[in-house]
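First up is the structure itself, then whatever we jot down about it.
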Amino acid sequence: MRALVILGTFALLFCLERRRPLRRTVDSSVQRTERNLAMAGLAAVALRVGEQPVARTLTTLVECRRWGLLRMARLPQWIETAVAVLLLDYTLYVWHVLIHRVPWLWRMHVVHHVDLDLDASTAVRFHVTELLVSVLWRSGQILGIGVGQHTLSLWQTLTLLSVLFHHSNVRLPLALERILVHFIVTPRMHGIHHSIVKAETNSNWSSGLTIWDRLHGTLRLDVPQSAITIGVPAYRAPEEITLRHLLSMPFEPQRPTWR
Ligand SMILES: [Zn+2]
Numbered sequence: 224m225r226a227l228v229i230l231g232t233f234a235l236l237f238c239l240e241r242r243r244p245l246r247r248t249v250d251s252s253v254q255r256t257e258r259n260l261a262m263a264g265l266a267a268v269a270l271r272v273g274e275q276p277v278a279r280t281l282t283t284l285v286e287c288r289r290w291g292l293l294r295m296a297r298l299p300q301w302i303e304t305a306v307a308v309l310l311l312d313y314t315l316y317v318w319h320v321l322i323h324r325v326p327w328l329w330r331m332h333v334v335h336h337v338d339l340d341l342d343a344s345t346a347v348r349f350h351v352t353e354l355l356v357s358v359l360w361r362s363g364q365i366l367g368i369g370v371g372q373h374t375l376s377l378w379q380t381l382t383l384l385s386v387l388f389h390h391s392n393v394r395l396p397l398a399l400e401r402i403l404v405h406f407i408v409t410p411r412m413h414g415i416h417h418s419i420v421k422a423e424t425n426s427n428w429s430s431g432l433t434i435w436d437r438l439h440g441t442l443r444l445d446v447p448q449s450a451i452t453i454g455v456p457a458y459r460a461p462e463e464i465t466l467r468h469l470l471s472m473p474f475e476p477q478r479p480t481w482r
């Protein structure tokens with residue numbers, strides 16, 4: 224069921240991107256989509272092998288031994304689930320800032336940012352190493368907040384749907400997007416985070432709710448999509464971002480990203 228909803232959302236966005244594109248694309252080749260989906264396939268394997276067993280063990284421990292902040296509070300179930308989802312979303316904001324600010328984490332996350340276009344396929348294009356390292360953060364989230372299996376799975380599904388949506392290259396009616404961005408991250412908002420301009424990339428870190436960027440003063444909505452070039456300055460040549468290069472990128476000496 225979960226897989227169907229996710230695949231259906233991806234297919235819907237994929238169609239809408241062709242009917243109502245938000246930004247002009249640089250590389251509309253099938254190879255680009257194939258490359259991103261190949262990265263996504265490897266990422267899915269990494270999550271299954273690296274994250275799932277750890278998350279299952281820790282959520283079981285949290286449920287059995289009542290570990291974590293929320294378990295101590297003994298709230299009604301639905302409030303506990305809602306607060307846990309909020310805290311997971313906030314701590315994902317913090318993780319996103321960290322993977323940009325800490326150089327050895329950035330060399331993994333840069334693989335996501337060097338895409339010359341931004342669409343739903345970029346949403347699932349992450350380097351395996353970034354996902355494996357994020358298991359440590361996920362473990363901290365589960366143990367610190369006190370997240371059970373059901374809540375974790377709910378949040379993961381909501382986050383994946385949100386990530387697909389806000390990476391998509393779909394032109395929503397501006398009036399609708401202006402309402403949505405009060406609450407959730409939208410394609411225009413996240414487009415600014417993928418800009419080639421450093422000051423623009425260093426904004427809009429939220430993955431679900433926009434409240435975290437509002438609270439931290441990191442929300443930017445003042446850049447028109449027509450003024451945005453997607454990517455990072457250090458890697459602009461298509462021959463440098465083939466699948467082989469993407470896979471080896473975190474292990475190679477890196478150029479200054481924002482020269
Ligand atoms: Zn980022």
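The number in our numbering is simply the position in the sequence shown, starting from 1, with 223 added.
Just so it is clear, CB atoms sit at the ideal spot from N, CA and C, and this is done for glycine as well.
Model, not experiment: these values are computed from the prediction.
Identity of the residue in the options nearest residue i by Cα
i	options	result
G264	I402, V386, V351	V351
L293	M412, T280, A278, L309	L309
V404	L239, L381, S429	S429
R459	P299, F388, V253, P479	P479
V386	S252, A346, F237	A346
T452	V253, P476, L341	L341
V320	Q448, H439, W301, Q477	H439
R258	F349, H390, T409, R247	F349
P461	A226, S251, T232	S251
A307	L399, Q477, L381, V408	L381
G454	L354, H332, F406, I368	H332
Sheet register partners of residue i (DSSP bridge)
i	result
P244	V393
I453	S418
L432	I407
Beta-carbon proximity of residue i to residue j, cut-off 9 Å
i	j	result
P456	R437	no
L432	D312	yes
M490	L469	An answer regarding residue 490 cannot be provided, because it is not within the stretch 224 to 482 covered by the chain.
V393	L236	yes
L366	W318	no
L315	Q364	yes
L328	A269	no
L377	T304	yes
Proximity test, residue i beta-carbon vs ligand 3 heavy atom, cut-off 8 Å
i	result
W428	Looking for ligand 3 in the displayed structure turns up nothing; the ligands present are ligand 1.
Supposed contact pair residue j and residue i - C-beta distance, whole angstroms, cut 8 Å
i	j	result
T424	H413	The Cβ separation is near 11 Å, so there is no contact.
L245	R411	7 Å
Exposed unless 16 or more other CB atoms sit within 10 angstroms - verdict on residue i
i	result
M224	exposed
T465	exposed
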